[in-house]
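In this note's numbering, the protein residues as written are 130 to 421. Note that the Cβ used here is the ideal one computed from N, Cα and C, for glycine as well. Small disclaimer: the values here were computed from a predicted structure and weren't measured. One structure below.
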Amino acid sequence: MNVVTHAHGDHYPAGEATAVCSPLTAELATARRDTPLHRTTDERVELLGAGHVAGSRAALVTDPDGTRYLYTGDVCTRSRFYLEGFEPPAADVLVVEATYGEPGYAFPEHATVAGDIRTWLADTDEPVLLFGYALGRAQKLQLLAGEPRERLFTTDAVLRVNEAIAAHRNVTFGAERYGEDVTLGAGDALVLPMTTARIDWIDRLAEETGALKAGFSGWAVEESFRFRGDYDVTFPLSDHCDFPELVELVEAVDPDRVYTQHGSVDALASSLTERGYDATALRQHQATLGDF
C-alpha cells in the first residue's frame with residue numbers, strides 16, 4: 130500500500146502508480162506529470178486535511194492491534210485563503226515533518242505577511258515577477274496580486290494546477306497565460322514557478338522590463354534567502370508549520386513515540402527529547418520505523 134500525501138514532485142512515485150490519496154491530489158499529480166496517479170482507498174487509512182497545499186492529506190493508520198500511527202507529510206496548522214489548517218488528532222505514534230524543525234524558524238502571523246505583500250504590490254509601480262511553487266504559493270500569489278495589479282499573468286504549468294484546484298474548490302485565480310506575445314509594463318504581475326528564478330531568460334526579462342523579482346518562502350526569515358535567489362525583495366510566506374507550530378502539533382497529538390522526517394530531523398528530535406518526548410530522527414531512504 131502506498132500513500133501519497135500531496136502532489137509535489139518529491140512526494141509521489143515516478144511513472145504510472147496507484148496510491149491512497151485525495152481525489153484532488155490524484156488529479157493534480159496526473160496533470161503535472163502527464164502520467165496517471167490512480168486513487169484507491171484502504172480501510173486502515175483515514176485521510177485528514179493537512180493544510181499544506183490543495184488536496185494535501187495526513188494519514189492516520191490504525192493497526193489491527195489498535196495502535197494509531199499518524200503520518201503528517203508536509204503540514205501546516207494555519208488556515209489561509211482556501212485552505213483549512215491541519216487539526217491534529219490523538220495518536221500513539223507520530224511521524225512528523227521537520228522542514229522548519231530548528232528553533233530559529235518562527236514566522237509572522239499569516240495576516241501580517243499577506244498584508245505586507247499586498248501593500249508592497251500596491252506601492253510598487255514597476256512590473257513584478259513573483260516566484261512560488263507551481264502548486265501552493267503560486268495560487269496564493271495570484272490571489273494576493275489580483276486586486277493591486279492591473280494585469281496578472283502566469284505560466285502553463287501554473288494554469289494546469291489552477292484548473293484542477295478550481296474544479297474542486299470554490300476559488301478562481303484570474304491569471305492569463307503569459308507568452309511571447311505579452312509585453313510586461315507598469316502595474317503588471319507575472320507569477321512564476323520557483324524553479325525558474327535562476328534561469329537566464331528571467332534575468333533578461335527583468336532587465337528589459339525593469340521588473341522587480343520577489344521571492345516567497347519560509348526561508349525568507351533569513352536574509353540569505355534573498356541573496357541566494359537574487360531577489361529584490363522577499364516575504365516569509367510559507368505552506369509549512371514553523372518550529373513553534375511543530376511543537377504545538379506534537380503536544381496536541383500527545384504520542385508515546387515521535388519520529389521526525391524530511392528537513393531538520395535531528396534538531397527537531399533533539400528539541401522534542403528535551404521536552405520529554407521519545408523522539409527519533411528518521412534517516413534518508415529508511416524503509417521501516419524499526420530500520421536503524
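*Between Ile246 and Leu177, what straight-line distance do the alpha-carbon atoms span, to the nearest angstrom?*
30 Å
*Is it true that the CB of Arg266 sits closer than 8 Å to the CB of Phe356?*
no
*Thinking just about the alpha-carbon of each residue, which of His297, Asp361, Val379, Thr402 is nearest to the one in Glu255?*
Asp361
*Are there three or more Cβ pairs, one per stretch, closer than 8 Å when the segment 206-223 is compared with the segment 374-387?*
yes
*Between which two residues does the alpha helix (DSSP H) harbouring Asp297 extend?*
Here the sequence assigns His to residue 297, which means Asp is not the residue at that position. Where His297 is concerned, the enclosing alpha helix (DSSP H) stretches over 285-297.
*For Thr248, which option in Ile294, Ala396, Gly275, Gly419 has the closest C-alpha, if you only look at C-alpha atoms?*
Gly275
*Answer yes if the segment 164-174 comes into contact with the segment 182-192, meaning at least three C-beta pairs across the two stretches below 8 Å, and no otherwise.*
yes
*For the alpha helix (DSSP H) that contains Pro165, what are its first and last residues?*
In the DSSP assignment, Pro165 falls outside any alpha helix (DSSP H) and carries neither an H nor an E.
*Beta-carbon spacing of Gly261, Leu270 below 8 Å*: yes
*Where in the segment 236-279 do unbroken runs of the alpha helix (DSSP H), each at least 4 residues long, occur, reported from the N-terminal end onward?*
239-252, 266-274
*Hey, out of Ala160, Val225, Leu334, Asp194, whose CA is closest to Arg186's CA?*
Val225
*asked:* Which same chain residues end up closer than 8 Å to Asp407 when comparing Cβ atoms and leaving out the 5 residues on each side of it in sequence?
replied: Asp385, Arg386, Val387
*So, using beta-carbon positions, are Gly230 and Gly392 closer together than 8 Å?*
yes
*Could you please give me the residues that DSSP links to Val133 through a beta bridge?*
Its beta-bridge partners do not exist; DSSP assigns none.
*Smallest Cα separation from Cys205: which of Ala183, Leu321, Arg412, Thr253?*
It is Ala183 whose Cα lies nearest to the Cα of Cys205.
*Measure the Cβ-Cβ separation of Asp203 and Thr228 and say whether it is below 8 Å.*
yes
*Taking only the alpha-carbon atoms, compute the straight-line gap between Arg71 and Gly405 and give it to the nearest angstrom.*
Because the chain spans 130 through 421 in this model, residue 71 falls outside it and cannot be assessed.
*asked:* Relative to the C-alpha of Glu336, which candidate in Pro142, Leu258, Leu288 has its C-alpha closest?
replied: Leu258
_Val382 (DSSP reduced to helix, strand or coil)_ = Reduced to three states, the DSSP call for Val382 is helix.
_From the DSSP secondary-structure annotation, give me the bridge partner or partners of Phe345._
Phe364
_Extent of the continuous alpha helix (DSSP H) run through Glu403_ = 394-403
_Determine whether the beta carbon atoms of Arg289 and Asp317 lie at a separation below 8 Å._
no
*asked:* Please state whether the Cβ-Cβ distance between Val350 and Phe236 is less than 8 Å.
replied: yes
*Starting from Gly358, follow the alpha helix (DSSP H) in both directions and report where the run begins and ends.*
353-358
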